[in-house]
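A.B. asks: I have a structure I would like to understand better, so I am pasting it below and will then ask my questions one at a time.
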């Protein structure tokens, strides 16, 4: 996959219904924001943050929350 821009990646995560904690972590890492306070860090956030630091868009499909019918 060609490198996605920040905007394209966030739009795609929203369309796919990616876990909100993962998305927040990814966006924070991508923008080089400081991490959350230790007691607020979840596994989803932590993984997203690391992927965002690397500007990696390959893993967010693993964090899709299926829509209920």
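In this note's numbering, the protein residues as written are 1 to 69. Don't be surprised by glycine CBs; every beta carbon is placed ideally from N, CA and C.
1. Hey, how far is the Cα of residue 41 from the Cα of residue 64?
2. What does a CB cutoff of less than 6 Å around residue 13 pick up in its chain, not counting 5 residues either side in sequence?
3. Could you say which of 39, 56, 66 lies nearest to residue 99 if we only look at CA atoms?
4. Give me, in chain order, the residues of the same chain whose beta-carbon lies closer than 7 Å to that of residue 19; leave out the 5 immediate sequence neighbours on both sides.
5. Could you tell me the boundaries of the alpha helix (DSSP H) in which residue 47 lies?
C.D. replies: Once the coordinates are examined:
1. 19 Å
2. 23, 60
3. With the chain covering 1 to 69 only, the question about residue 99 has no answer from this structure.
4. These residues qualify, in order along the chain: 44, 63, 65.
5. 43-53
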